[in-house]
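Chemist: Could you have a look at this structure, given as structure tokens, before my questions?
There are 2 protein chains.
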Amino acid sequence: MIQDLTDNYAHLFEKELLNEINQVGTFKDIPEGHKMIEIGEYVRSMPLLVSGAIKILREDDDGDELLLYFLEKGDTCAMTLTCCLGQTKSEIRAIAETDAKLIMIPIEKMEEWSAKYKSWRNFVFESYHNRLNELLETIDSIAFLKMDERLLKYLKEKARISRDNIVNNTHQEIAYELHTSRVVISRLLKKLENLGKVELHRNHIVITNIN
Amino acid sequence: MIQDLTDNYAHLFEKELLNEINQVGTFKDIPEGHKMIEIGEYVRSMPLLVSGAIKILREDDDGDELLLYFLEKGDTCAMTLTCCLGQTKSEIRAIAETDAKLIMIPIEKMEEWSAKYKSWRNFVFESYHNRLNELLETIDSIAFLKMDERLLKYLKEKARISRDNIVNNTHQEIAYELHTSRVVISRLLKKLENLGKVELHRNHIVITNIN
DNA sequence: AGCTATAAGTAACAACTGTTACATTATTCA
DNA sequence: TGAATAATGTAACAGTTGTTACTTATAGCT
Chain A
1 MIQDLTDNYA
11 HLFEKELLNE
21 INQVGTFKDI
31 PEGHKMIEIG
41 EYVRSMPLLV
51 SGAIKILRED
61 DDGDELLLYF
71 LEKGDTCAMT
81 LTCCLGQTKS
91 EIRAIAETDA
101 KLIMIPIEKM
111 EEWSAKYKSW
121 RNFVFESYHN
131 RLNELLETID
141 SIAFLKMDER
151 LLKYLKEKAR
161 ISRDNIVNNT
171 HQEIAYELHT
181 SRVVISRLLK
191 KLENLGKVEL
201 HRNHIVITNI
211 N
Chain B
1 MIQDLTDNYA
11 HLFEKELLNE
21 INQVGTFKDI
31 PEGHKMIEIG
41 EYVRSMPLLV
51 SGAIKILRED
61 DDGDELLLYF
71 LEKGDTCAMT
81 LTCCLGQTKS
91 EIRAIAETDA
101 KLIMIPIEKM
111 EEWSAKYKSW
121 RNFVFESYHN
131 RLNELLETID
141 SIAFLKMDER
151 LLKYLKEKAR
161 ISRDNIVNNT
171 HQEIAYELHT
181 SRVVISRLLK
191 KLENLGKVEL
201 HRNHIVITNI
211 N
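Listed in order, the protein sequences are those of chains A and B. In this text, residue positions in the first sequence follow our numbering: the first is 1, and each later residue adds one. In this text, residue positions in the second sequence follow our numbering: the first is 1, and each later residue adds one.
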């Protein structure tokens with residue numbers, strides 16, 4: 001675990017804090033698709049993401065989903081932070097987008113380290129900052145873009161995360177995450193294919209032109 | 001200023017911190033409509049809202065606006081927090097929705113107080129928490145609601161803030177904040193009037209049925 | 001190979017939202 | 001008062017998105 005810490009967080013935290021993390025943190029391996037947090041749950045520890053990607057989803061009263069953003073290496077879940085600190089229920093669902101490794105920190109340490117380590121405070125503030133900006137990005141997409149632009153942006157983001165320009169999702173799955181219907185996605189994807197931007201296959205889409 | 005501090009923040013902060021705020025904070029009176037923060041600006045001090053309401057707006061590349069949420073008594077601007085700490089440009093615009101009073105705290109104190117006072121850290125964390133939840137609410141509205149429902153929600157929120165069930169805006173202004181067109185708003189307002197939910201007048205709307 | 005389940009393609013239509021154009025009403029101010 | 005300006009009402013139409021229904025294609029499995 002020392003190695004993972006060093007690789008990902010050493011530049012952020014002072015040595016003493018790294019040692020503490022190493023002592024009280026527990027390492028976790030999460031398989032792709034695993035549901036890590038469900039809406040309404042209480043969260044008892046804070047994850048530091050070491051590798052992989054986590055997708056964060058919102059749901060409305062009818063059970064309709066919406067993808068908010070992805071967490072990646074070096075990120076932590078600001079929503080979890082607020083849940084831990086405020087002892088409130090989770091407002092979001094977290095699912096492993098890829099296999100992921102993370103370090104879990106018991107919530108008791110949060111307050112202690114915030115008082116003790118400037119680097120920890122900065123990390124927490126920075127996390128909030130990043131998450132606010134992600135949410136603003138999401139709002140921009142929903143409010144200002146049409147569905148075809150949102151779809152393209154979504155595909156590029158997915159391709160970036162999988163690192164091979166392939167999106168391993170069915171049209172139905174994409175429709176869920178963008179909160180629209182399968183037929184709409186199929187229609188728009190076909191247009192994108194005609195424009196030479198993607199190649200459509202069963203269960204996956206190849207992004208041919210990343211720009 | 002002591003009085004304002006006591007009324008609004010005394011239950012949050014320890015005595016020593018209140019004294020410090022009183023020493024370094026400067027009191028500001030803001031008239032309705034005043035633009036407090038513009039997108040792209042650097043922010044050099046942090047506002048504690050004592051009375052009134054501030055509206056927080058997002059803008060896209062074409063200059064189209066969208067209302068994100070309102071700040072009210074006891075709130076601070078989490079966006080400003082991140083700007084101050086990270087020395088980054090503002091992602092949002094802030095305009096006084098009503099006359100407002102606030103206390104400005106120089107950013108240098110942020111780090112110092114975060115180390116020194118638990119109550120300050122809690123306040124900052126709580127602010128982030130609240131702002132994240134406001135943004136989630138905003139996302140819910142845009143993503144899951146149709147325009148008529150968004151409009152009704154908007155009117156109720158405005159009425160709550162003005163405390164007299166009157167929304168002092170033109171259809172055009174409402175259209176800007178919801179990022180749609182004047183004609184759409186006029187059309188939907190007329191429907192709401194026919195349903196007995198509002199009374200339409202020139203330059204203002206009376207909410208007759210708050211439920 | 002042939003059956004089954006799942007994924008994707010497509011047409012037709014409905015609903016909602018956005019746009020243009022113009023009429024009507026209210027307010028301001030010279 | 002009367003002209004100019006701003007706000008609202010309304011119709012007609014266009015574009016986008018959502019829905020239904022059905023067809024076709026593909027992968028997995030016996």
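The beta-carbon is built from N, C-alpha and C at its ideal position, and this holds for glycine as well.
Listing by chain order, which chain B residues have their CB less than 9 Å from the CB of E91 (chain A)?
Modeler: L132, N133 and L136
Chemist: Here's a check: name, in chain order, each residue in its chain whose Cβ is nearer than 7 Å to the Cβ of R150 (chain B), leaving out the five neighbours to either side.
Modeler: The beta carbon of R150 (chain B) sits closer than 7 Å to the beta carbons of S141 and L178 from its chain, once the five residues preceding and following it are set aside; these are given in chain order.
Chemist: Can you name the residues that DSSP bridges to I205 (chain A)?
Modeler: A:V167 and A:L200
Chemist: Given that a residue counts as buried once 16 or more other Cβ atoms are within 10 Å of its Cβ, and exposed if not, what is S114 (chain B)?
Modeler: buried
Chemist: Per the contact definition of three or more C-beta pairs closer than 8 Å, is the stretch 54-69 of chain A in contact with the stretch 122-129 of chain A?
Modeler: no
Chemist: Of all the CB atoms in chain B, is at least one closer than 9 Å to the CB of M79 (chain A)?
Modeler: Chain B, which has a Cβ nearer than 9 Å to the Cβ of M79 (chain A), makes this yes.
Chemist: State buried or exposed for S181 (chain A), treating a residue as buried only when at least 16 other CB atoms are found within 10 Å of its CB.
Modeler: exposed
Chemist: Within the present structure, is the beta-carbon of L67 (chain A) separated from the nearest heavy atom of the ligand COA by less than 8 Å?
Modeler: Inclusion of the ligand COA in the displayed structure is not the case, the ligand content being empty and no account of it being possible.
Chemist: Based on the DSSP output, what are the partners of Y69 (chain B) in its beta bridges?
Modeler: Beta-bridge partners assigned by DSSP to Y69 (chain B): B:I56.
Chemist: What are the uninterrupted segments assigned as alpha helix (DSSP H) that are 4 or more residues long and contained completely in the stretch 72-157 of chain B, given in chain order?
Modeler: 78-86, 108-116 and 118-144
Chemist: Kindly indicate the opening and closing residues of the alpha helix (DSSP H) around L17 (chain B).
Modeler: K15 to V24
Chemist: Identify which residue in B:E59, B:I37 and B:K153 has its Cα closest to the Cα of A96 (chain B).
Modeler: Comparing Cα positions, the closest option is B:I37.
Chemist: Could you check what DSSP says for S51 (chain A) in three-state terms: helix, strand or coil?
Modeler: strand
Chemist: How is the alpha helix (DSSP H) around I185 (chain B) delimited, first residue to last?
Modeler: Residues R182 to N194.
Chemist: Run through chain A and tell me which residues come within less than 7 Å of D60 (chain B), C-beta to C-beta.
Modeler: Around D60 (chain B), the beta-carbon contacts reaching into chain A at under 7 Å are D140 and F144.
Chemist: Could you check which residue in B:L189, B:R160, B:S90 and B:E108 has the C-alpha nearest to that of D148 (chain B)?
Modeler: B:L189
Chemist: Counting C-beta neighbours from all protein chains within 10 Å, is the total for R163 (chain B) 16 or more, i.e. buried, or is it exposed?
Modeler: exposed
Chemist: Just checking: is the beta-carbon of R202 (chain A) within a distance shorter than 9 Å of some beta-carbon in chain B?
Modeler: no
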